[in-house]
Every structure is written in structure tokens, then in C-alpha cells.
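Colleague: Quick note, the sequences are listed as chains A and B, same order.
First residue of the first sequence: 69, per the working numbering; consecutive thereafter.
First residue of the second sequence: 27, per the working numbering; consecutive thereafter.
Where is the CB? At the ideal position from N, CA and C, for every residue including glycine.
Remember, it's a predicted structure, so these values are computed and weren't measured experimentally.
Below: one structure in C-alpha cells.
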Amino acid sequence: MSETCKVSSERRGDVAILWTDGYINNQGGEEIAREAYTHLDQGVRALVLNLEKTRIVNSIGISILIEVLEKVMDKKGALAFCGLTPTIDKTFRIMGLAQYAEIFPSQEDALRSVSKPQTA
Amino acid sequence: MIPPASATSAALLEELWKRIGAVLEGEGPLPSRITEAAVVAMGAREVTLYLREREAWVRTGEKLAGCVEPGEIPEPLPAGLFVREGELWMPLCADGETHGLLRVLDAPLEQSREHAGLLGFLFGSLVAAHRLGRQVRDAEFELKARLLELESLYDLGLSLGGQLDLSTLADEVLFRSISLTDAGKGSLVLYDKNEVLLERSVGGELLVARDCLAWELPEGGLINNGVCDSPTDGMRDGTCQKYLAVPISVPDRRLGVLAVADKESRDGRVLDFTPTDARLLSLFANQAAAAIQTARLHRDAIEKERIERDLELAATIQRQILPRDLPVVPGLEIAARNRPTRQVGGDYFDLFPLSGGRLAFLVADVSGKGVAAALLVSTVHAAVHLQIDDAKTVADLVARIDRHLQRYAATRKFLTAFFGLLEPDNGTLRYVSAGHNPALLKRASGEIEQLKATGVPLGMFPHSSWKEETVTLERGDLLCVYTDGVSEALDAADEEFGLDRLARLLIPAATTEEICRSVFDAVENFAADVPQYDDQTLLLVRRP
């Protein structure tokens, strides 16, 4: 596993997909936040975080993801996760991330969900 | 803080609220709204809000958010409004505690002084509530993190219990250890019989695998929060600032070492590892040790099963090498028997009727046991069958077989053997004993002669030679060739069966077949329930 977490992204309409590769710690979390905020500032409404190349997340990384989630919610947007290992899936559920962001097994499912028209 | 109560203050508050109420009630993070409201209320060009988070001051704002630089904010903080180097500073207090601080640039000083009390109270109450909210959220986060630790220990126990692949097991332990201690990096080394079996690292190799085995680590782990500027027993030099290492051990030996380093904080500092971290990592190490032990026992069981299958195959091959039927040679009475032990041993006997009514025979005992011994028996069997027709004398046959072994034998084992060539017509026995137990020649008169070794065992030294001896078997004489599984069979008192007992069983009145049976019965009765680890072979030739 690489020492530093790499984040890449792609915009599809008003949704941005972010792919992580590596450890989501302080550095990895900051990378995700930077990429996410850039998209949100450019009008993206929803984010899909694909973590299929991440096997470790620590509490600092989780707290940054919570900050990103709060920012998305401030903007009345949506956030979805996909590609989680069973360990990370359970971690997110315990730490409360799954309370406001849905977790999907595949990227397609996540995209389909956040692309639905938002109900008032 | 005492709230403003005068009519002037109330009017001022009403006037202020008209200007900033909409801002404070708007959307976005509260610190941003307070900052914006302060700009409006004080007519400032720029305002920066500092908040106290845990023990540290944090600068808020879109561009400059983060930890404050040394000297960035005044220390100690004055209780009220003050000016430093042309900048206006306003402590935000509530309940006697300073929760925040405003740095105001280019604001009219008089207006600021006029509004300072009210704004300090208003913003102080807001940041105090904001701070309290964060503290509640942090406490909730901490609780969830502790719950996650407990769940992880439970999950790890479950997943490791069924995990027999050491590589997957190592990853699982390392990833969870790094994650739950908030470490920036981690390494794990596992050993098998003092050899490095497996190394795993995330974020850089922390451990010097070969040095970790002898590293004296306390059972509860070693915390080093000092500066790691010199090589430590098992740690790679210069790879981290602070580390925590725990042994992975079972009561009688070290199975590995687990280490994590450089505990992270949100503000980028490297935090000290705590005794709680050490306890958590030790629990992981204990679970890993149990799982590794299970995986190894499983692997050993599979290996043992494989070896037993090999041995069974080797035993089958060896049984097929031994002659199924004894030759019928006019003028000689022959009996032979082999009793293998459970493990594949290295006894071999063979008989070859040759031209002119002669009989060639041998009894051999290969050193060691198992597949290697069986392979050597197989090699000897092939060599004897290849060379017996070309050999001019018994000694020549032995030398040829030795050369064959020196050249082709896959293992550096040796064997003792008794080779004989008997002419039934006149009873001439030519023999070579290559380091073998003395054969017994029981004369018809009852006298016992020992035919002792005439050279070294085969396959032991290159270019060896063997002396060929000759003895005559008179009518009624009985030759007894055996392996040490017979003469050295042990009873419960560790006493050997011995040559005397064997010699007494060589009864002239009995047939060779009867003697053979009685010897094996006697050895079995002698040993009783004591397990025997050596093959037993007996060859009897009488000239009636």
C-alpha cells in the first residue's frame, strides 16, 4: 500500500466521483477534502467516494470525511460511499458516517442513488 | 459576564441586531457567520476569528484555517479589548472563560470601543455554545472510537479464528493496528523456527526483521515517545519519530513483532503513544499469536499427513523390492523374513540362484529411516541386479555396488551388508561383510562361529576395498545372517535381545522355516509392548 493517499476525480453532470488509493489518514483525508471542496465550489451537488483501493482509515481520516459530509449537507447535497472493505464498512457505520451518507456495494449503485432528483 | 441592562445598551443592541441579525441567522458554518457579522458590526476591512479547540488555538476561515503560528496571538490574553501593533483584538468570553478571539483590521476604534461590550457578550456566548457543541461531538466521536476498538477486537478474533493463511492474517492485524492507534505507519514481522517467515509494512519499513527476534520487548509493549535518533534493537534507524512495539508471542517462544509509529493528530503534530494504545496493540498481538499458532498447527498437520502418505508409498515400494518367493536351490534349505517397523526402514535382502547351482545372497541395513533410506535401498537393489552377472568375485561385486552408490545415490547415507556366494556341492561360502553385524555360523556340532566384518560399510568412503573371506559349510551347518533390528531389539528394561538368545534358537532339529518363525516370535515376546524402531530381517541357509 502506498505511503501517501492519492485522490483522483471525475465530474459527471452535477455529481463528482472521487477515487482514493491508499491510507485515509490526515494527509489522505485532506486530499479528499481538497478535491471535494473544489467540486462543491464549482457547483457539484453530490459526491460519490469510491474507496476500493483503500484498506485503512484512521479516526483523523474519518473526522475529515465527517467535515466533508457536513459541508455537503450545508449545501443540501448528497454523499455516497462505495467499494468499502467489510472492515471500513463497519467502521463507517459505527462512527456515524452511514447515518447521513449511504453506502453501496458498487459505484453504479451509488451513482444511480445520488443522481435521483432530490425531494424537498 | 453581566449582560447589558441599560436603556442605552438595549437601544444599541437593537440597532446592532438590525445590522447583523440576518448574517448570524444565515446559512454556513457558525464561525464564518460570526466573522462576517463582526465585519458588519465593527465596520472593519477584515476580521479573523480564533477558536479554542481542546488545548490549542485554531484559526478559522476559508483560506487560513489551521493551527496558529507561535506569536500569532497575544499570550497571555488581556481580559478586554486591546490594540497590538495597530491591530484590534477582542477576547470572546462567557462564564469567565475565553472561548474565542477576534482580530480586527482597519475598524474605527471609537465605534469598536462603543460596541465592544455587547459584541464581546454576543459573540462570546455564540462561540461558547459552538465550543460546547464541538466538545459534545468530540466526546461522542471518542465514545464511538472506543466502541469501534471493542468491535474490532471482537471481529479480529472471529476473522482470525478461521483464517489459516498467514499472509492474510498478517495484513488483517497490521491494518487494524495502524487504523485504531491512528499511526502513520506500521510493520509486522513473523518468524518460523527463528527464520523470518513474513514481513509486512505500511508507510515504510519500521523493523529490522532479523534483529527483532532477540529484541527484549516487555509483554505489555514498549512505548518510545522520545526522539528516535539512534538505532534501537529492532527498529530501523531514522524511520519514525515515536513508536510503539509489542511482541507476538506464545508462552515458549516469540512468533513475531508488531510495531506502529508516529501517531497522527488533526493539526499535523505527532502525538505520544499512550498506555491505552499499548494495551490495545498487545490485545491485537495476543489474538494474532493464537491465530498464527492455529494456522501453523493446521499447516503442520497437513505436512504430517503428506509425509505419512510419502512414507506409505515408500514402504509399498520397499515391500515390492524384497523377494516375494524364496528360490529353491537343490542342496540348500533356505528361509528368510523381514518385519518392517511402522516407519519406512532400510532393511533389504535378496537371493540370486546362479549358474552351477550356486546361490548368491545379501542382507543389508541402510542407515536412517524414511524416504531417503528407502531410496537408497532402491538404489542398492538396482545396483545389485545390474552388477551381479558381471562381477567376478564377491569382493568385486561389493566394490562395483559401492562405486554405483558413490556416483548415483541421492543422499549421503551408508549401509552395512553381508554378501555371500555359496556352492551347495562342496559348501564353500565366499563372503564379504561390509561393516555388518557378525553373521552366525552354527556348526552341526553346536559350535557357534561369528563371521565378522571384512571392510567398512558401503557408501561411506570413496575408493574403499573389502576383503573376501572363505569358510566351508559342512552338512548340517546353519548360516544365520540378520540385521540389528533382531539382535538389538529392546525390552522394557532397555536390555537388548542379544546374540546369545539368537544363537540358542538356532536348533539343529528344527527346519529353517521353524527357526525363522521362532526367532521372530521370541523377539516379539521379548520386546512385549515396547515399540521397535528398526526393521528386523533374518536369512537362514542350511546345508542339509
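Going by beta-carbon coordinates alone, are B:TRP241 and B:ASP259 separated by less than 8 angstroms?
Modeller: In the second sequence, counting from the first residue as 1, residue 241 of chain B sits at position 215. In the second sequence, counting from the first residue as 1, residue 259 of chain B sits at position 233. Yes, these two residues count as a Cβ contact at 8 angstroms.
Colleague: Determine, for B:LYS170, whether the minimum Cβ-Cβ distance to residues of chain A falls below 8 angstroms.
Modeller: Locating residue 170 of chain B in the second sequence gives position 144, counting from the first residue. Chain A contact via Cβ: present.
Colleague: Residue range of the beta strand (DSSP E) that B:HIS125 falls in?
Modeller: For this step, residue 125 of chain B is matched to residue 99 along the second sequence. Looking at the DSSP string, the run of the beta strand (DSSP E) that includes B:HIS125 is 123 to 131.
Colleague: So does the stretch 460 to 473 of chain B actually touch the stretch 401 to 414 of chain B, counting three or more Cβ pairs closer than 8 angstroms?
Modeller: At 8 angstroms Cβ cutoff, the stretches do not touch.
Colleague: When DSSP builds the beta bridges, which residues end up paired with A:ILE85?
Modeller: Along the first sequence, read from residue 1 onward, the residue named residue 85 of chain A stands at position 17. Beta-bridge pairing links A:ILE85 to A:GLU78 and A:VAL116.
Colleague: Does the beta carbon of B:GLU53 sit closer than 8 angstroms to a beta carbon anywhere in chain A?
Modeller: In the second sequence, residue 53 of chain B corresponds to position 27, counting from 1. Output row for B:GLU53: interface = yes.
Colleague: Please list, in chain order, the chain B residues whose beta carbon lies closer than 7 angstroms to that of A:SER127.
Modeller: Position 59 of the first sequence holds residue 127 of chain A. What A:SER127 touches in chain B: ALA171 and ASP208.
Colleague: Verify whether the separation of the beta carbon atoms of B:SER513 and B:ALA425 is less than 8 angstroms.
Modeller: Numbered from its first residue, the second sequence carries residue 513 of chain B at position 487. Numbered from its first residue, the second sequence carries residue 425 of chain B at position 399. No; because the gap between Cβ atoms is not below 8 angstroms, this pair is not in contact.
Colleague: Is the beta carbon of A:VAL125 less than 8 angstroms from the beta carbon of A:LEU179?
Modeller: Walking along the first sequence from the start, residue 125 of chain A turns up at place 57. Walking along the first sequence from the start, residue 179 of chain A turns up at place 111. No; because the gap between Cβ atoms is not below 8 angstroms, this pair is not in contact.
Colleague: Between the Cα of B:LEU232 and the Cα atoms of B:ASP555, B:GLU245, B:ILE204 and B:LYS219, which residue gives the shortest distance?
Modeller: The residue you call residue 232 of chain B lines up with position 206 of the second sequence. Selected option, being the one with the closest Cα: B:ILE204.
Colleague: Within a Cβ cutoff of 7 angstroms, which residues of the same chain sit near B:PRO29, ignoring the five residues on either side of it in sequence?
Modeller: Counted from its first residue, the second sequence places residue 29 of chain B at position 3. Model confidence at B:PRO29 stands at a pLDDT of 49, short of 50, so the residue's coordinates are unreliable; what they give is reported in the following sentence. Around B:PRO29: PHE147.
Colleague: For B:GLY461, I'd like the list of residues in its chain whose CB is within less than 6 angstroms of its CB, leaving aside the five on either flank, ordered along the chain.
Modeller: Here residue 461 of chain B is taken as the residue at index 435 of the second sequence, counted from 1. Closer than 6 angstroms at the Cβ level, and outside the excluded window around B:GLY461, lie THR442, ALA479, VAL482 and PRO483.
Colleague: Quick check on this structure: which residue in B:ALA314, B:ALA361, B:ASP422 and B:ASP555 has the alpha carbon closest to the alpha carbon of B:ARG280?
Modeller: As a position in the second sequence, residue 280 of chain B is number 254, starting the count at 1. Of B:ALA314, B:ALA361, B:ASP422 and B:ASP555, the residue nearest in Cα terms is B:ALA314.
Colleague: Output yes if chain B places a C-beta closer than 8 angstroms to the C-beta of A:TYR91; else output no.
Modeller: Translated into positions along the first sequence, residue 91 of chain A becomes position 23. Closer than 8 angstroms: yes.
Colleague: Are any of the Cβ atoms in chain B nearer than 8 angstroms to that of A:LYS158?
Modeller: The count along the first sequence starts at 1 and reaches residue 158 of chain A at position 90. A:LYS158 counts as touching chain B.
Colleague: Write down the C-beta distance between B:PHE387 and B:LEU380 rounded to the nearest angstrom, noting that I regard them as a contact closer than 8 angstroms.
Modeller: Translated into positions along the second sequence, residue 387 of chain B becomes position 361. Translated into positions along the second sequence, residue 380 of chain B becomes position 354. Contact doesn't hold; Cβ gap of about 10 angstroms is too wide.
Colleague: I need the boundaries of the alpha helix (DSSP H) containing B:ARG78, first residue and last residue.
Modeller: The sequence position of residue 78 of chain B within the second sequence is 52, counting from 1. Not the alpha helix (DSSP H): B:ARG78 falls in the beta strand (DSSP E), residues 72 to 79.
Colleague: How would you list, in chain order, the residues of chain A whose beta-carbon sits under 8 angstroms from the beta-carbon of B:ARG85?
Modeller: On the second sequence, position 59 is the one that residue 85 of chain B refers to. By Cβ distance, chain A contributes nothing, its closest Cβ being about 16 angstroms from B:ARG85, past 8 angstroms.
Colleague: Can you check which of these residues, B:ILE99, B:PRO100 and B:TRP83, is closest to B:CYS93 by C-alpha distance?
Modeller: In the second sequence, the residue the question calls residue 93 of chain B occupies position 67. Measuring from the Cα of B:CYS93, the nearest candidate turns out to be B:TRP83.
Colleague: With a threshold of 8 angstroms between beta carbons, is B:VAL403 in contact with chain A?
Modeller: For the purposes of this step, residue 403 of chain B is taken as residue 377 along the second sequence, with counting starting at 1. No, because no Cβ of chain A sits closer than 8 angstroms to the Cβ of B:VAL403.
Colleague: Between the Cα of B:THR509 and those of B:TYR559, B:LEU499 and B:LEU206, spot the shortest distance and give me the residue it belongs to.
Modeller: Numbered from its first residue, the second sequence carries residue 509 of chain B at position 483. Among B:TYR559, B:LEU499 and B:LEU206, the Cα nearest to that of B:THR509 belongs to B:TYR559.
Colleague: So B:LEU516 contacts chain A; which residues on that side make the cut at Cβ distance below 7 angstroms?
Modeller: Translated into the one-based positions of the second sequence, residue 516 of chain B becomes position 490. Those do not exist, as B:LEU516 stays about 58 angstroms from chain A at its closest Cβ, beyond 7 angstroms.
Colleague: Helix or strand or just coil, what does DSSP make of B:LEU566?
Modeller: Reading the second sequence from its first residue, position 540 is the one you call residue 566 of chain B. In the structure shown, B:LEU566 sits in a strand (DSSP, three-state: E or B).
Colleague: Apart from the five residues just before and just after A:ILE156, which ones in its own chain have a Cβ nearer than 6 angstroms to its Cβ?
Modeller: The residue labelled residue 156 of chain A in the question sits at position 88 within the first sequence. Contacts found: VAL125.
Colleague: What is the rounded straight-line gap between the Cα of B:ALA287 and the Cα of B:CYS266?
Modeller: Locating residue 287 of chain B in the second sequence gives position 261, counting from the first residue. Locating residue 266 of chain B in the second sequence gives position 240, counting from the first residue. Distance between the alpha carbons of B:ALA287 and B:CYS266 is about 6 angstroms.
Colleague: Am I right that B:GLY126 and B:VAL153 are in contact with their C-beta atoms under 8 angstroms? What's the rounded C-beta distance?
Modeller: In the second sequence, the residue the question calls residue 126 of chain B occupies position 100. In the second sequence, the residue the question calls residue 153 of chain B occupies position 127. Rounded, the Cβ-Cβ distance is 4 angstroms, consistent with contact.
Colleague: So A:SER131 contacts chain B; which residues on that side make the cut at Cβ distance below 8 angstroms?
Modeller: To locate residue 131 of chain A, count along the first sequence from 1; it is residue 63. Under the 8 angstroms cutoff, chain B gives PHE167 and ARG292.
Colleague: Could you have a look at B:TRP492 and say whether DSSP puts it in helix, strand or coil?
Modeller: Position 466 of the second sequence, counting from 1, holds the residue named residue 492 of chain B. In this structure, B:TRP492 counts as coil in the three-state DSSP scheme.
Colleague: Beta-carbon within less than 6 angstroms of A:PRO173's beta-carbon, same chain only, minus the 5 sequence neighbours each way: which residues are those?
Modeller: On the first sequence, residue 173 of chain A is found 105 positions in, with the first residue counted as 1. Counting only Cβ-Cβ distances below 6 angstroms, and skipping sequence neighbours, we find nothing.
Colleague: Could you list which residues in chain B have their beta carbon closer than 7 angstroms to that of A:GLY145, in chain order?
Modeller: In the first sequence, the residue the question calls residue 145 of chain A occupies position 77. Per Cβ cutoff of 7 angstroms: no residues; A:GLY145 is ~13 angstroms from chain B at best.
Colleague: So is A:ARG102 in contact with chain B if we call contact Cβ pairs under 8 angstroms?
Modeller: Position 34 of the first sequence, counting from 1, holds the residue named residue 102 of chain A. For A:ARG102, the answer is no, since every Cβ of chain B falls outside 8 angstroms of its Cβ.
Colleague: For B:ALA196, tell me which candidate among B:LYS219, B:LEU339 and B:GLY282 has the shortest Cα-Cα distance.
Modeller: Translated into the one-based positions of the second sequence, residue 196 of chain B becomes position 170. Ranking B:LYS219, B:LEU339 and B:GLY282 by Cα distance to B:ALA196 puts B:GLY282 first.
Colleague: When we look at the beta-carbon of B:SER54 and count the other beta-carbons within 10 Å, is it buried (16 or more) or exposed?
Modeller: Taking the second sequence and counting its residues from 1, the one referred to as residue 54 of chain B is at position 28. Residue identity differs from the one stated: residue 54 of chain B is Gly in this sequence, not Ser. It counts as exposed.
Colleague: Along the chain, where does the beta strand (DSSP E) that runs through B:ALA460 open and close?
Modeller: Taking the second sequence and counting its residues from 1, the one referred to as residue 460 of chain B is at position 434. Residues 454 to 460.
Colleague: Helix or strand or just coil, what does DSSP make of A:CYS73?
Modeller: For the purposes of this step, residue 73 of chain A is taken as the residue at position 5 of the first sequence. Three-state DSSP puts A:CYS73 in coil, outside helix and strand.
Colleague: Compare the C-beta of B:ILE60 against all C-beta atoms of chain A and say whether one is closer than 8 angstroms.
Modeller: Position 34 of the second sequence, counted from the start, is the residue given in the question as residue 60 of chain B. By this cut-off, B:ILE60 is not an interface position.
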